[in-house]
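Below you'll find the structure, written out as structure tokens, and then a few comments.
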Amino acid sequence: MRNDDPSLETVSFHCRSPIYMCATCTHAEKCADLLNILRMFKLDEKPPEFDLLTNFPFLKERSFEVDPRNKLNEVSSGEWLQFTRTVFSQKFPKFFGHDLRRKHPEYKSPHLLGQLIAFFTKRQDLVLDPFAGTGTSLIAASLLGREAVGFEIERSWVDIYYHICRKHRIPRQKLVSGNCSELLHSVPPDSVDFVLIDPPNPMNPEEWAPNSAPPSKPVDAFFDFMLGALNCCHSALKEHKHMAVFTRNLYQNGQYIFLTPYFASIAAEAGFLLKGEKIWENSAEKLRPYGYPHSYVPNISHYSILIFQKQTPGEESDPDDSFKP
Ligand SMILES: C[S@@+](CC[C@H](N)C(=O)[O-])C[C@H]1O[C@@H](n2cnc3c(N)ncnc32)[C@H](O)[C@@H]1O
Numbered sequence: 581m582r583n584d585d586p587s588l589e590t591v592s593f594h595c596r597s598p599i600y601m602c603a604t605c606t607h608a609e610k611c612a613d614l615l616n617i618l619r620m621f622k623l624d625e626k627p628p629e630f631d632l633l634t635n636f637p638f639l640k641e642r643s644f645e646v647d648p649r650n651k652l653n654e655v656s657s658g659e660w661l662q663f664t665r666t667v668f669s670q671k672f673p674k675f676f677g678h679d680l681r682r683k684h685p686e687y688k689s690p691h692l693l694g695q696l697i698a699f700f701t702k703r704q705d706l707v708l709d710p711f712a713g714t715g716t717s718l719i720a721a722s723l724l725g726r727e728a729v730g731f732e733i734e735r736s737w738v739d740i741y742y743h744i745c746r747k748h749r750i751p752r753q754k755l756v757s758g759n760c761s762e763l764l765h766s767v768p769p770d771s772v773d774f775v776l777i778d779p780p781n782p783m784n785p786e787e788w789a790p791n792s793a794p795p796s797k798p799v800d801a802f803f804d805f806m807l808g809a810l811n812c813c814h815s816a817l818k819e820h821k822h823m824a825v826f827t828r829n830l831y832q833n834g835q836y837i838f839l840t841p842y843f844a845s846i847a848a849e850a851g852f853l854l855k856g857e858k859i860w861e862n863s864a865e866k867l868r869p870y871g872y873p874h875s876y877v878p879n880i881s882h883y884s885i886l887i888f889q890k891q892t893p894g895e896e897s898d899p900d901d902s903f904k905p
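Heads up: the sequence shown runs through residues 581 to 905, numbered per the working numbering.
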């Protein structure tokens, strides 16, 4: 359906499908496929202002029956199958306050976090994000009709989140400014349906433990700190519900440091069962000529998103794991 008409290049509109978007490009305002689809549904006129109901009809009125055996989410069988791929291969568009959110060095896309939320929750479920940054997960939760609570230590990112909500008329969730090591204790046990963790950089202890003396071994101190957070998340999560953790490896003092297994190990210590991983490459990551032209130094542009499930003590494996046609 690709259309090479150059006049389409100048047409611009608000994309109406935040999560189940055109899979072939990131620039929806220039995407001929998406334009054709929108014209078919007569949705190609730019709305005067953002409005959730008129902008996200596909989220409100899905035209299929959810399998009655599906206790996990509200996606179709095809969406379910696509999500089980271990790599996110699509690129995500730059919507919903992208210009403001990109001030954050580690900002993510609402579409990326939205896919995780859409898969691991149903409408009205509660999402918890202890390292919420500019509130990307909260934005995605609102677009999907979920509830969300976030914590963020840096006040300016919280202000950006509320500014984006006002500007784009996105329903506000609760983003609390403060240290999640303390705030997580206020989350009632067994109250959360999905935890999303996008942790800070282990090598910046002044960011995640601002009032402590700089640790001599930052990576060890970081995992002690993270274990405390994961213990609280485990208690907050309902039985059998899921947690996704963004993990990224490091290159320090001439050596590649594989951090992903450490995350898996502390999550197991906190009582989680590792269920899988999804690789996401941040194609927006700037390439830096670190070792050029003498030695190989990787530009670490991918994250491994580890998926965990809250395990019932003594339980061997999830009884729902096997395929029952
Ligand atoms: C990787 S970023 C999250 C980015 C976010 N997903 C987004 O899209 O904007 C990690 C965030 O955790 C915050 N943070 C670090 N230590 C924290 C703590 N102890 N409590 C709460 N937030 C913390 C940092 O300020 C940073 O914004």
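Even for Gly, the Cβ is constructed at its ideal location relative to N, Cα and C.
Flag this pair as touching only if the stretch 865-875 and the stretch 791-801 have three or more C-beta atom pairs under 8 Å; answer yes or no. no
Proximity to residue 720 [Cα-Cα], best of 697, 757, 801: Here residue 720 is taken as the residue at index 140 of the sequence shown, counted from 1. Ranking the options by Cα distance to residue 720, first place goes to 697.
Under the criterion of a Cβ to heavy atom distance below 7 Å, does residue 785 qualify as lining ligand 1? For the purposes of this step, residue 785 is taken as residue 205 along the sequence shown, with counting starting at 1. No, ligand 1 has no heavy atom inside 7 Å of this Cβ.
Does the structure place the stretch 767-781 close enough to the stretch 665-684 that three or more beta carbon pairs sit under 8 Å? no
Secondary structure at residue 709, three-state DSSP: helix, strand or coil? Walking along the sequence shown from the start, residue 709 turns up at place 129. Strand at residue 709.
Need the endpoints of the beta strand (DSSP E) that residue 889 sits in, please. As a first step, residue 889 is located in the sequence shown; it is residue number 309 there, counting from the start. Unbroken beta strand (DSSP E) run through residue 889: 882-890.
Measuring straight from C-alpha to C-alpha, what distance separates residue 827 and residue 800? Along the sequence shown, one-based indexing puts residue 827 at 247. Along the sequence shown, one-based indexing puts residue 800 at 220. Those two C-alpha atoms are separated by around 15 Å.
For residue 730, the three-state DSSP class (helix, strand or coil): Here residue 730 refers to the residue found at position 150 when the sequence shown is read from its first residue. If DSSP states are grouped into helix, strand and coil, residue 730 belongs with the strands.
Rounded C-alpha distance that separates residue 851 from residue 811: Counting from 1 along the sequence shown, the entry for residue 851 is found at position 271. Counting from 1 along the sequence shown, the entry for residue 811 is found at position 231. Roughly 8 Å between the two C-alpha positions.
Under the criterion of a Cβ to heavy atom distance below 7 Å, does residue 744 qualify as lining ligand 1? Here residue 744 corresponds to residue number 164 of the sequence shown, with the count starting at 1. False, no ligand heavy atom lies under 7 Å from that Cβ.
Three-state secondary structure (DSSP) at residue 856? Locating residue 856 in the sequence shown gives position 276, where the first residue counts as 1. Strand.
Cβ-based neighbour list, residue 776, same chain, cut-off 8 Å, excluding 5 preceding and 5 following: Taking the first residue of the sequence shown as 1, we reach residue 776 at position 196. Correct list, in chain order: 693, 696, 697, 707, 708, 709, 717, 823, 824.
Consult DSSP for residue 907 and reduce its assignment to one of helix, strand or coil. Look at the range of the chain in this structure, 581 to 905, and you will see that residue 907 is not part of it.
Can you tell me where the beta strand (DSSP E) holding residue 837 begins and where it ends? Here residue 837 refers to the residue found at position 257 when the sequence shown is read from its first residue. Here the beta strand (DSSP E) through residue 837 covers 835-837.
So for residue 824, helix, strand or coil by DSSP? One-based indexing of the sequence shown puts residue 824 at position 244. Of the three classes helix, strand and coil, the one that applies to residue 824 here is strand, per DSSP.
Does DSSP classify residue 866 as helix, strand or coil? Translated into positions along the sequence shown, residue 866 becomes position 286. Coil at residue 866, not helix or strand.
Identity of the residues DSSP links to residue 662 by a beta bridge: If you number the sequence shown from 1, residue 662 lands on position 82. Paired residues: none, contrary to the question.
Where residue 729 falls, given that 16 or more other Cβ within 10 Å makes a residue buried: Position 149 of the sequence shown, counted from the first residue, corresponds to residue 729. Per the 10 Å Cβ criterion, buried.
Could you give the DSSP three-state label for residue 623: helix, strand or coil? Locating residue 623 in the sequence shown gives position 43, counting from the first residue. Confidence at residue 623 is low in this model, with a pLDDT of 47, below 50, so its placement is unreliable and no value can be given for it.
Taking DSSP as the reference, what is the three-state secondary structure of residue 893? Taking the first residue of the sequence shown as 1, we reach residue 893 at position 313. In the structure shown, residue 893 sits in coil (DSSP, three-state: anything other than H, G, I, E or B).
Can you tell me which of 713, 749, 658 puts its alpha carbon nearest to the alpha carbon of residue 906? The question about residue 906 has no answer, for the chain in this structure spans 581 to 905.
When DSSP labels each residue in this structure, what does residue 799 get in the three-state scheme? Sequence index remark: in the sequence shown, residue 799 carries index 219 (1-based). Reduced to three states, the DSSP call for residue 799 is helix.
Could you check the C-alpha separation between residue 593 and residue 815 for me, to the nearest Å? For the purposes of this step, residue 593 is identified with residue 13 of the sequence shown, where counting begins at 1. For the purposes of this step, residue 815 is identified with residue 235 of the sequence shown, where counting begins at 1. Residue confidence is low: residue 593 scores 36 on pLDDT, short of 50, so the model does not pin down where it sits. No coordinate-derived value is stated.
Please find out if some non-hydrogen atom of ligand 1 comes closer than 7 Å to the beta-carbon of residue 812. Numbered from its first residue, the sequence shown carries residue 812 at position 232. It does not: the Cβ of residue 812 is nowhere closer than 7 Å to a heavy atom of ligand 1.
Distance CB(residue 821)-CB(residue 668) smaller than 8 Å: Counting from 1 along the sequence shown, the entry for residue 821 is found at position 241. Counting from 1 along the sequence shown, the entry for residue 668 is found at position 88. No. Outside cutoff.
To the nearest angstrom, report how far apart residue 743 and residue 866 are at their CA atoms. Translated into positions along the sequence shown, residue 743 becomes position 163. Translated into positions along the sequence shown, residue 866 becomes position 286. About 27 Å.
Can you give the Cα-Cα distance for residue 862 and residue 665, rounded to whole angstroms? Here residue 862 is taken as the residue at index 282 of the sequence shown, counted from 1. Here residue 665 is taken as the residue at index 85 of the sequence shown, counted from 1. Cα to Cα, the separation comes out at about 17 Å.
DSSP three-state assignment for residue 722, whether helix, strand or coil: The residue you call residue 722 lines up with position 142 of the sequence shown. If DSSP states are grouped into helix, strand and coil, residue 722 belongs with the helices.
Near ligand 1: residue 795 beta-carbon under 7 Å from a heavy atom: In the sequence shown, counting from the first residue as 1, residue 795 sits at position 215. Because no heavy atom of ligand 1 lies under 7 Å away, the Cβ of residue 795 does not count as near it: no.
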